[in-house]
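Report on the following structure.
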Amino acid sequence: MASFFKSLSDDMEKVAQVLEDGYQILSGAATQMGEASSNNHAAAGVDVDELLHGDEDINLEDFEEYGSPLMGMADSVMSDIMSYQVGPQTPIEQIQAFKAAITWNEPFIQCLVAFQAVVIISAIFLTKKGGIYTRMGFMIILAIIVRLAERLNIMGNSRWNEFATQNYFDRGGIFIGIMLCAPLLCVCFGMLFAMFREANNLLVEVKAMKIKAQQEQQKKKSENKEKKKQMKKQD
Numbered sequence: 003m004a005s006f007f008k009s010l011s012d013d014m015e016k017v018a019q020v021l022e023d024g025y026q027i028l029s030g031a032a033t034q035m036g037e038a039s040s041n042n043h044a045a046a047g048v049d050v051d052e053l054l055h056g057d058e059d060i061n062l063e064d065f066e067e068y069g070s071p072l073m074g075m076a077d078s079v080m081s082d083i084m085s086y087q088v089g090p091q092t093p094i095e096q097i098q099a100f101k102a103a104i105t106w107n108e109p110f111i112q113c114l115v116a117f118q119a120v121v122i123i124s125a126i127f128l129t130k131k132g133g134i135y136t137r138m139g140f141m142i143i144l145a146i147i148v149r150l151a152e153r154l155n156i157m158g159n160s161r162w163n164e165f166a167t168q169n170y171f172d173r174g175g176i177f178i179g180i181m182l183c184a185p186l187l188c189v190c191f192g193m194l195f196a197m198f199r200e201a202n203n204l205l206v207e208v209k210a211m212k213i214k215a216q217q218e219q220q221k222k223k224s225e226n227k228e229k230k231k232q233m234k235k236q237d
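Sequential numbering of the sequence shown, starting at 3, is according to our numbering.
Below is the structure:
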């Protein structure tokens, strides 16, 4: 009998701890706790007051057969509380959450955005007027920056307080992947696409020049044949 009340006391202490944690997560947990506790007592068919103050001939095996209704109540309360802690679900909500998490007016973010703008403008200029080797060298530099992104993320995580107001450099590298690597890779792919397009246009031009040269050769041959025929007629 003593062991029964001891186990019941331990369960009640666990429930109190769980409810305290739940109250810190959500301020409205008290109301849900009352509803969940009444539902769990009704479903389990066990009255705690009856267990504590009822007949002394309580069978411990019957209590174990029901399980611990208090722990079931705690699990139900915590599941109800955590159901309200819902993060972004759709891609639009995730983008909005990412934008809200960044302080866009701080110098570090503005310098990063300015760097990406300079890279894009340089890529457009080189695509239109740069040579093939200049463009290849520019893409190699961008690839090296992307390759060093992991090390840059580690360095930023250890020294972020020197240049930023918050630590953007998480272990997964989400910030540096979106703000640094993704734009640089897009620029590289854009330049590669432009190079492939130029190569395709050159192939078309070369093919057209070959066809034109063949047509001119055939035309000269036909003219020579006609001249020979005219010379034979004159003879």
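Glycine included, C-beta positions come from ideal geometry on N, C-alpha and C. Only a predicted model underlies this, so the values are computations on that prediction, with no experimental measurement involved.
Contact the stretch 193-205 vs the stretch 133-140: 3+ CB pairs below 8 Å = yes
Rounded distance between the beta-carbons of L182 and L144, thought under 8 Å | With a Cβ gap of about 10 Å, L144 and L182 do not count as contacting.
For A151 versus I178, is the C-beta distance shorter than 8 Å?
-> yes
Beta-carbon proximity list for F165, same chain, < 7 Å, skipping 5 on both sides = F110
State yes or no: is the beta carbon of I104 nearer than 8 Å to at least one beta carbon in chain C?
-> Among the chains in the structure shown there is no chain C, since it carries only a single protein chain.
S160 to G133 span [Cα, whole Å] | 40 Å
Using three-state DSSP, classify N155 as helix, strand or coil.
-> helix
Since I believe I147 is in contact with V189 (beta carbons under 8 Å), could you give me their beta-carbon distance rounded to a whole number of angstroms?
-> Contact doesn't hold; Cβ gap of about 11 Å is too wide.
Where M193 falls, given that 16 or more other Cβ within 10 Å makes a residue buried | buried
When the distance is taken between beta carbons, is T105 closer than 8 Å to T167?
-> yes
When A184, N226 and A201 are compared against R149, the one with the closest alpha-carbon | Checking every option, the nearest Cα to that of R149 belongs to A184.
Hey, quick one: how far does the alpha helix (DSSP H) through G139 stretch, first residue to last?
-> I134 to R149
What three-state label does DSSP hand E200 in the structure shown?
-> helix
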